[in-house]
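Colleague: Numbering (our numbering), first residue to last: 611 to 1000.
Even glycine gets a Cβ: it sits at the ideal position worked out from N, Cα and C.
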Amino acid sequence: MASFTPTRFTLLVLLAAAMPSLLGTAAVSPVLDLMKDAGLGPEYVVSLVLTLPPLATAAAGFFIGALSDKIGRVKILALSLLVFALSGVSGFFLDNIYAIIGMRLLLGVSISGILPMASALISEYYEGEERTRYLGYLGVSNGIGVLILQTLCGALAAFGWHAAFLVYLLGLAALPFVLLCLKEPPRSCAEKAACPVSVPSPLRYAGIYSLVFLPALFMYLVAVNLSYYMGGFVFAVSPFWVGLLLGIFGLSSAVSGFLFWRFSRRFTPLSIGGLIFLMEAAGLFLIGISENLVLLTAGLILLGFGMGLAMPNGTAWVSKITPPAVLGRYMGGITVSTFLALFSNSFVSPLVLSFLGAGEYAAMFLLFAFVSALLGAVLYLLGRRRPAGI
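1) Apart from the five residues on each side of it in sequence, which residues of its chain come closer than 6 Å, Cβ to Cβ, to residue 947?
2) Under 8 Å by Cβ, that's how I've got residue 631 and residue 721 pegged, so tell me the actual separation to the nearest angstrom.
3) Give a yes or no on contact between the stretch 677-684 and the stretch 721-739, applying the rule of three or more CB pairs nearer than 8 Å.
4) Apart from the five residues just before and just after residue 668, which ones in its own chain have a Cβ nearer than 7 Å to its Cβ?
5) Measuring CB to CB, does residue 858 end up less than 8 Å from residue 907?
6) Below 7 Å, is the gap between the Cβ of residue 876 and the nearest heavy atom of the ligand NAP?
7) By alpha-carbon positions, which one of 910, 942, 891 ends up nearest to residue 977?
8) Run the CB neighbour count on residue 993, radius 10 Å, all protein chains shown included, and call it buried at 16 or more, exposed below.
9) Under a Cβ-count criterion, where at least 16 other Cβ atoms within 10 Å of its own Cβ denotes burial, should residue 786 be classed as buried or exposed?
10) By DSSP, does residue 631 sit in helix, in strand, or in coil?
11) Using the three-state DSSP reduction, which class does residue 778 fall into: helix, strand or coil?
12) In three-state terms, what does DSSP make of residue 799?
13) To which residues of the same chain is residue 982 closer than 7 Å at the C-beta, ignoring the five residues directly before and after it?
14) For residue 652, which three-state DSSP category applies?
15) Using DSSP with H/G/I as helix, E/B as strand and the rest coil, what is residue 793?
16) Rounded to whole angstroms, how far is the Cβ of residue 838 from the Cβ of residue 971, which I believe are closer than 8 Å?
17) Count Cβ pairs between the stretch 863-879 and the stretch 735-749 that sit closer than 8 Å; are there 3 or more?
18) Whole angstroms is fine: what's the gap from residue 904's alpha carbon to residue 657's?
19) Run the CB neighbour count on residue 876, radius 10 Å, all protein chains shown included, and call it buried at 16 or more, exposed below.
20) Let me check understanding here. Comparing Cα to Cα, which of 763, 692, 719, 723 lies closest to residue 665?
21) Please state whether DSSP places residue 737 in a helix, a strand or coil.
22) Would residue 980 be called buried (16 or more neighbouring beta carbons within 10 Å of its own) or exposed?
23) Is the beta carbon of residue 836 less than 8 Å from the beta carbon of residue 695?
24) Looking only at C-alpha atoms, which of 943, 944, 974 sits nearest to residue 958?
25) Using the three-state DSSP reduction, which class does residue 828 fall into: helix, strand or coil?
26) Measuring straight from C-alpha to C-alpha, what distance separates residue 966 and residue 899?
27) Do residue 672 and residue 942 have their beta-carbon atoms positioned less than 8 Å apart in this structure?
28) Distance check for residue 687 and residue 784, CA to CA, integer angstroms please.
29) Considering only the beta carbon of each residue, do residue 659 and residue 775 sit closer than 8 Å?
30) Going by alpha carbons, who is nearest to residue 762 out of 850, 863, 709?
31) Please report the residue range of the alpha helix (DSSP H) in which residue 945 lies.
32) Let me make sure I understand the geometry here. Which of 706, 678, 716 has the alpha-carbon closest to that of residue 693?
33) If residue 885 sits next to residue 990, beta carbons under 8 Å apart, how far is it from one beta carbon to the other, in whole angstroms?
34) Note down, in chain order, each residue of its chain lying with its Cβ closer than 7 Å to the Cβ of residue 939, except the 5 sequence neighbours on either side.
35) Going by other Cβ atoms of all chains shown within 10 Å of its Cβ, with 16 needed for buried, is residue 917 buried or exposed?
Here you go:
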């Protein structure tokens, strides 16, 4: 173990493993209407297919992360990929909505062991600018995963809602390479989880997590509601187009993840947080005023670019300030923040729409564009004045 030296292929394995995790619970969003039309249950029950798994991910995130500090990150990653694939694809075989929801909860738990483990292993395998660059590449991986999952799901929907669940078989692709090519990072006595360690203030972590939670919330507001919003367009929109547009969003986040290390050279983490909110504000504004696919696509590209910076900004910040012995636990907090945002959307959207009016998705997007712009301006200025961050 001590002689293990990570290579570029090691990085590719980690990126492939993390690829399907970010939108794993929302991948089947293009077929929600088809599931409702098939008579599986009322809309509020069918919607649990999307809303409950993120809650399971958020609830399990810190626990799975802490467990990895004790038994090893590679073991947790491999088991999580297996459970991800099996629980996800089960929807292809099931017709009972409650059985599907039960397996989706298991899917949510499995996701809490994928992205945090990949982030923690990259943080321990690599150092300095190389680490920052590779954590940004995780954003590339997630973006490509969104592109593949959403586009493929939209295409499979042509064969019925059951077929959409086959996308989760992608989780098995990286599993043999994880088992064969990854090793646990060596630990000194002082780095083992059983030894007492000093960590920064919980308030500092809360600040970092909020810079992941809020951009993710704004992103999921669009991702989950896009099919309903486009249903009000004057031209017909199929699940394939919804999936393709969300795939374009994912591709945009992949580009920004690839460029993250360049942003980290020029800006502090807090200033990057401000830029993220400003980009998402511009994206939400364009989506809110869109009356055609050109403006809608431009808005999704800007929104994706912002979210593509949020994840690596959070993980790089956490990896920089956290001792290796407890890195899994605090990396788990990034995943908790991301999927808590997805779960929060299940009541934030209806609450806002109850004030704005049913179906007023454009007004909701414009409202959050204003909030995001305000946060972005404040954070960017604070980051310029306080380089040390929160």
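Modeller: With the structure as the only source:
1) One-based indexing of the sequence shown puts residue 947 at position 337. Here the set comprises 819, 822, 823.
2) Position 21 of the sequence shown, counting from 1, holds the residue named residue 631. Position 111 of the sequence shown, counting from 1, holds the residue named residue 721. Between residue 721 and residue 631 the Cβ distance is about 5 Å, and since that is below 8 Å, they are a contact.
3) yes
4) To locate residue 668, count along the sequence shown from 1; it is residue 58. So the list reads 946, 949, 950, 953, once near-sequence residues are dropped.
5) Along the sequence shown, read from residue 1 onward, the residue named residue 858 stands at position 248. Along the sequence shown, read from residue 1 onward, the residue named residue 907 stands at position 297. Cβ distance < 8 Å, so residue 858 and residue 907 count as in contact.
6) The ligand content of the structure shown is nil, which means the ligand NAP is not present either.
7) Taking the sequence shown and counting its residues from 1, one reaches residue 977 at position 367. With distances taken between Cα atoms, residue 977 lies closest to 891.
8) For the purposes of this step, residue 993 is taken as residue 383 along the sequence shown, with counting starting at 1. Burial call: buried.
9) Position 176 of the sequence shown holds residue 786. Burial call: exposed.
10) In the sequence shown, residue 631 corresponds to position 21, counting from 1. Looking at residue 631 - three-state DSSP - the assignment turns out to be coil, as it is neither helix nor strand.
11) For the purposes of this step, residue 778 is identified with residue 168 of the sequence shown, where counting begins at 1. Helix.
12) Numbered from its first residue, the sequence shown carries residue 799 at position 189. For residue 799, the predicted structure reports a pLDDT of 48, less than 50, and the residue's modelled location is therefore unreliable. A value from the coordinates is still provided. Residue state, collapsed to three classes: helix.
13) Indexing the sequence shown from 1 puts residue 982 at position 372. Taken in chain order, the residues that qualify are 828, 887, 890, 891, 894.
14) Position 42 of the sequence shown holds residue 652. In this structure, residue 652 counts as coil in the three-state DSSP scheme.
15) Mapped onto the sequence shown, residue 793 falls at position 183. Reduced to three states, the DSSP call for residue 793 is coil.
16) As a first step, residue 838 must be located in the sequence shown, where it is residue number 228. As a first step, residue 971 must be located in the sequence shown, where it is residue number 361. Correct: roughly 7 Å between the Cβ atoms.
17) yes
18) As a working mapping, residue 904 is identified with position 294 in the sequence shown. As a working mapping, residue 657 is identified with position 47 in the sequence shown. Answer to the nearest angstrom: the Cα atoms are 29 Å apart.
19) The count along the sequence shown starts at 1 and reaches residue 876 at position 266. Exposed, since its Cβ has fewer than 16 Cβ neighbours within 10 Å.
20) Residue numbering aside, residue 665 sits at position 55 when the sequence shown is read from its first letter. When only C-alpha atoms are compared, the closest one is 719.
21) As a first step, residue 737 is located in the sequence shown; it is residue number 127 there, counting from the start. Coil.
22) By one-based count along the sequence shown, residue 980 stands at place 370. Exposed: under 16 other Cβ atoms inside 10 Å.
23) What you label residue 836 is simply residue 226 of the sequence shown in a count that begins at 1. What you label residue 695 is simply residue 85 of the sequence shown in a count that begins at 1. No, the Cβ-Cβ distance between residue 836 and residue 695 is not below 8 Å.
24) Numbered from 1 along the sequence shown, position 348 holds the residue referred to as residue 958. Checking every option, the nearest Cα to that of residue 958 belongs to 974.
25) Mapped onto the sequence shown, residue 828 falls at position 218. Helix at residue 828.
26) Numbered from 1 along the sequence shown, position 356 holds the residue referred to as residue 966. Numbered from 1 along the sequence shown, position 289 holds the residue referred to as residue 899. Going from the Cα of residue 966 to the Cα of residue 899 covers about 16 Å.
27) The count along the sequence shown starts at 1 and reaches residue 942 at position 332. The count along the sequence shown starts at 1 and reaches residue 672 at position 62. Yes, Cβ-Cβ distance for residue 942 and residue 672 is below 8 Å.
28) As a first step, residue 784 must be located in the sequence shown, where it is residue number 174. As a first step, residue 687 must be located in the sequence shown, where it is residue number 77. For residue 784 and residue 687, the distance between alpha carbons rounds to 10 Å.
29) In the sequence shown, residue 659 corresponds to position 49, counting from 1. In the sequence shown, residue 775 corresponds to position 165, counting from 1. No, these two residues do not count as a Cβ contact at 8 Å.
30) Against the sequence shown, residue 762 aligns to sequence position 152. The residue with the shortest Cα to Cα distance from residue 762 is 850.
31) Start at 1 with the first residue of the sequence shown, and residue 945 comes out as number 335. Unbroken alpha helix (DSSP H) run through residue 945: 937-966.
32) Stepping through the sequence shown from its first residue, residue 693 is reached at position 83. Residue 693 has its Cα closest to that of 716, out of 706, 678, 716.
33) Your numbering for residue 885 matches position 275 in the sequence shown. Your numbering for residue 990 matches position 380 in the sequence shown. Correct: roughly 6 Å between the Cβ atoms.
34) Locating residue 939 in the sequence shown gives position 329, counting from the first residue. So the qualifying residues of the chain are 672, 675, 676, 679.
35) Within the sequence shown, the letter at position 307 stands for residue 917. Buried, by the Cβ-count rule.
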